[in-house]
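Below is one structure; the comments refer to it alone.
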Amino acid sequence: MSSILNTGFDPEVQPPYLDTAYKSTILRAPSKPLIMPKKSLSDTTGPLFKDFNLGSLDHDLTKNAIKIAEPLGERIVVHGKVTNEKGQPIPHTLIEIWQANSAGRYVHKVDQHAAPIDPNFLGTGRCITDAEGNYKFYTIKPGAYPWGNHPNAWRPAHIHLSLFGNQISSRLITQMYFPNDPLFKYDPIFNAVPPKGRDLLVSTFDLNLTEPSFALGYRFNIVLRGHNATPFENQ
Amino acid sequence: MKEKIQLQTPSQTIGPYFAYGLTPEQYNYDFPSLVDGNMVKNVHGNEVITITGIVYDGHGNPIDDAMLELWQNDGEHKRFGRYGTGTDKNNAFTFTTIKPKPIDGNAPFINVILFMRGQLLHSYTRIYFSDEVALNATDETLRSIPEERRETVVAKKEGESYVFNIHMQGDKETVFFKL
């Protein structure tokens, strides 16, 4: 087994549990000090990715829910690399994806925003990084949507991403944003991240990744917590 | 030579709309789930246990949009499960698994990662077991928890299941770990 060098959440870039501007944190943030546990074999447990059977269209949200026609909206392709804090690639790790459609509406039953559901777009998918830690998925650029945090609150357009990495401490759920969104400065969830970390949540447009006559290209690299030198053996 | 350290990608909340992406079958969405609360699909017999509980907010109300992941590894069995709190009428979660074996004389436990709307960062806790009295009494991690809070991470055996309620705040606030 590889030696495990944990690193904590970096307070210079990570949001706090409690941020009163994001009102739902007030009754949900732990209030007592966290306790440091003794390290355990169990902390190096990851899901068994070999047990996961991904569908052939899981990485293409523009196709994986088609009923009668292509979904509406701006087709995009997102590329990125997943590494640890030393810049070492994290190969063969699962990325789960969910998002609103181009009108800013989630298919989720709880979402009551009066924008249209796209019958050809579910807004969920997944992919696995390759041997060099690279990933790619196709989707439709999501729209902004309103929420109830404060009067006239709107979330900037974003894609939710869930990653595992090699150990329990590398688990990450984050949101990828789009460049120059005018809603950034009004969004308490984005601004809960300290200034130094905010740019890390914003993808970059890349003409070289753009597929001619097909999809605009964006890059979003992801750094998971941890320094362990050898990839986790998920056997 | 000093290696260049990359800044961690910041965490963001799972939000209220994760269910069709992360737990689609449990919530009846038309997309296959990779994983669910049944962590023992290939195991039969009396070693299977059930763990159930409710996640409460700072006002003591059940949280209906949390997602829990259970990760366990005792060297022999690695298991992983996931369940959302939005489908049960009481907003309970339920996992079926096998109880991990003790490692190096420490009390057996299961790691829990907890996500919800209103958490910008996920929380870590552990499920220990009330019928492991002797090992719990000597376990280094449990002993590092103030005694009056220790039972917040011990699942209570009630009949055939273990009950593990999670309180985000208040007198009964669950111990969360720094990982």
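Chains as they are written, first to last, in the UniProt record's numbering: chain Z, 1 to 235; chain D, 1 to 179. Don't be surprised by glycine CBs; every beta carbon is placed ideally from N, CA and C.
Please report the distance separating the alpha-carbon of Ile173 of chain Z from that of Thr13 of chain D. Translated into the one-based positions of the first sequence, residue 173 of chain Z becomes position 173. Translated into the one-based positions of the second sequence, residue 13 of chain D becomes position 13. Distance between the alpha carbons of Ile173 of chain Z and Thr13 of chain D: 7 Å.
Neighbour list for Val78 of chain Z in chain D, Cβ cutoff strictly below 8 Å: Residue mapping note: residue 78 of chain Z aligns to position 78 of the first sequence, counting from 1. Chain D residues near Val78 of chain Z: none, gap ~14 Å exceeds 8 Å.
Rounded to the nearest angstrom, what separates Gln99 of chain Z and Ile159 of chain Z at their Cα positions? Your numbering for residue 99 of chain Z matches position 99 in the first sequence. Your numbering for residue 159 of chain Z matches position 159 in the first sequence. Answer to the nearest angstrom: the Cα atoms are 5 Å apart.
Are the CB atoms of Thr93 of chain Z and Phe164 of chain Z nearer to each other than 7 Å? Against the first sequence, residue 93 of chain Z aligns to sequence position 93. Against the first sequence, residue 164 of chain Z aligns to sequence position 164. A contact, by the Cβ cut-off of 7 Å.
For Lys38 of chain Z, is the classification buried or exposed, using 16 other Cβ atoms within 10 angstroms of its Cβ as the cut-off for buried? Numbered from 1 along the first sequence, position 38 holds the residue referred to as residue 38 of chain Z. Its Cβ having fewer than 16 others within 10 Å, Lys38 of chain Z is exposed.
Helix, strand or coil: how does DSSP classify Arg149 of chain D here? The sequence position of residue 149 of chain D within the second sequence is 149, counting from 1. Of the three classes helix, strand and coil, the one that applies to Arg149 of chain D here is helix, per DSSP.
Cβ-based burial, Leu61 of chain Z [other Cβ within 10 Å; buried from 16]: Here residue 61 of chain Z is taken as the residue at index 61 of the first sequence, counted from 1. Leu61 of chain Z counts as buried, since no fewer than 16 other beta carbons sit within 10 angstroms of its beta carbon.
Cβ of Gln14 of chain Z less than 7 Å from any chain D Cβ? As a working note, residue 14 of chain Z is residue 14 in the first sequence. Chain D, which has a Cβ nearer than 7 Å to the Cβ of Gln14 of chain Z, makes this yes.
Tell me, please, whether the stretch 110-123 of chain D touches the stretch 9-27 of chain Z by the rule of three or more beta-carbon pairs shorter than 8 Å. yes
Tyr162 of chain D: buried (16+ other C-beta within 10 angstroms of its C-beta) or exposed? The sequence position of residue 162 of chain D within the second sequence is 162, counting from 1. Tyr162 of chain D should be labelled buried.
Among Z:Ile117, Z:Pro30 and Z:Gly125, the one whose alpha carbon lies nearest that of Asn53 of chain Z: Residue numbering aside, residue 53 of chain Z sits at position 53 when the first sequence is read from its first letter. Cα-wise, what sits closest to Asn53 of chain Z is Z:Gly125.
Where do the N-terminal and C-terminal ends of the alpha helix (DSSP H) with Thr129 of chain Z fall, by residue? Taking the first sequence and counting its residues from 1, one reaches residue 129 of chain Z at position 129. Under the DSSP assignment, Thr129 of chain Z falls outside any alpha helix (DSSP H); it carries neither an H nor an E label.
Nearest residue (CA-CA) to Asp104 of chain D, options D:Ala92, D:Gly81, D:Asp139 and D:Leu7: If you number the second sequence from 1, residue 104 of chain D lands on position 104. Minimum Cα distance to Asp104 of chain D is reached at D:Asp139.
Rounded to the nearest angstrom, what separates Ser42 of chain Z and Leu179 of chain D at their Cα positions? Taking the first sequence and counting its residues from 1, one reaches residue 42 of chain Z at position 42. Taking the second sequence and counting its residues from 1, one reaches residue 179 of chain D at position 179. In a straight line, the C-alpha of Ser42 of chain Z is about 12 Å away from that of Leu179 of chain D.
Would you kindly check if the distance between the Cβ of Glu85 of chain Z and the Cβ of Ile5 of chain D is under 7 Å? Position 5 of the second sequence, counted from the start, is the residue given in the question as residue 5 of chain D. Position 85 of the first sequence, counted from the start, is the residue given in the question as residue 85 of chain Z. Contact flag set, yes.
Buried versus exposed, by CB contacts within 10 Å (16 or more), Thr204 of chain Z: Taking the first sequence and counting its residues from 1, one reaches residue 204 of chain Z at position 204. Exposed, because fewer than 16 other Cβ atoms sit within 10 Å of the Cβ of Thr204 of chain Z.
Please report how far the alpha carbon of His79 of chain Z lies from the alpha carbon of His59 of chain D, in whole angstroms. Position 79 of the first sequence, counted from the first residue, corresponds to residue 79 of chain Z. Position 59 of the second sequence, counted from the first residue, corresponds to residue 59 of chain D. Approximately 42 Å between the Cα atoms of the pair.
Measure the alpha-carbon distance for Pro179 of chain Z versus Thr52 of chain D and round it to whole angstroms. Within the first sequence, numbered from 1, the residue matching residue 179 of chain Z stands at position 179. Within the second sequence, numbered from 1, the residue matching residue 52 of chain D stands at position 52. Those two C-alpha atoms are separated by around 43 Å.
DSSP on Val133 of chain D, reduced to helix/strand/coil? As a first step, residue 133 of chain D must be located in the second sequence, where it is residue number 133. The three-state reading of DSSP puts Val133 of chain D in helix, counting H, G and I together.
Specify the secondary structure class of Asp60 of chain Z as computed by DSSP and reduced to three states. In the first sequence, counting from the first residue as 1, residue 60 of chain Z sits at position 60. Asp60 of chain Z falls in the strand class under three-state DSSP.
The alpha helix (DSSP H) that contains Ile189 of chain Z, what's its start and end? For the purposes of this step, residue 189 of chain Z is identified with residue 189 of the first sequence, where counting begins at 1. Pro188 to Asn191 is the extent of the alpha helix (DSSP H) around Ile189 of chain Z.
Beta carbon proximity, Arg117 of chain D to chain Z, threshold 7 Å: Residue 117 of chain D sits at position 117 when you count from the first residue of the second sequence. By this cut-off, Arg117 of chain D is an interface position.
Cut-off 8 Å between Cβ atoms - residues of its own chain near Pro108 of chain D, not counting five sequence neighbours on either side: Residue 108 of chain D sits at position 108 when you count from the first residue of the second sequence. Cβ neighbours of Pro108 of chain D beyond the five flanking positions: Asp74, Lys99, Pro100, Lys101, Pro102, Tyr128, Phe129, Glu132 and Leu135.
Starting from Thr141 of chain D, trace the beta strand (DSSP E) both ways and give me its first and last residue. In the second sequence, counting from the first residue as 1, residue 141 of chain D sits at position 141. Here Thr141 of chain D belongs to no beta strand (DSSP E); instead the alpha helix (DSSP H) covers Glu140 to Arg143.
Candidates Z:Pro30, Z:Leu34, Z:Ser56 and Z:Pro119: which alpha carbon is nearest Ala69 of chain Z's? As a working mapping, residue 69 of chain Z is identified with position 69 in the first sequence. Among Z:Pro30, Z:Leu34, Z:Ser56 and Z:Pro119, the Cα nearest to that of Ala69 of chain Z belongs to Z:Pro119.
Figure out for me which residue from Z:Val110, Z:Phe190, Z:Phe121 and Z:Val202 has the closest Cα to the Cα of Tyr27 of chain D. Locating residue 27 of chain D in the second sequence gives position 27, where the first residue counts as 1. Ranking the options by Cα distance to Tyr27 of chain D, first place goes to Z:Val110.
Consider the Cβ of Pro231 of chain Z: report whether some Cβ of chain D lies at a distance smaller than 7 Å. Along the first sequence, read from residue 1 onward, the residue named residue 231 of chain Z stands at position 231. Here Pro231 of chain Z scores only 45 on pLDDT, less than 50, and its place in the model is too uncertain to base an answer on.
Rounded Cβ spacing between Asp65 of chain D and Thr85 of chain D (contact assumed at less than 8 Å): Here residue 65 of chain D corresponds to residue number 65 of the second sequence, with the count starting at 1. Here residue 85 of chain D corresponds to residue number 85 of the second sequence, with the count starting at 1. Correct: roughly 7 Å between the Cβ atoms.
Using 7 Å as the limit for Cβ to Cβ distance, is Lys136 of chain Z near chain D? Reading the first sequence from its first residue, position 136 is the one you call residue 136 of chain Z. For Lys136 of chain Z, the answer is no, since every Cβ of chain D falls outside 7 Å of its Cβ.
Residues that DSSP places opposite Pro62 of chain D in a beta bridge: As a working mapping, residue 62 of chain D is identified with position 62 in the second sequence. Beta-bridge pairing links Pro62 of chain D to D:Tyr56.
Compare the C-beta of Ala103 of chain Z with all C-beta atoms of chain D and state if any pair is closer than 7 Å. Here residue 103 of chain Z corresponds to residue number 103 of the first sequence, with the count starting at 1. No, its Cβ sits nowhere closer than 7 Å to a Cβ of chain D.
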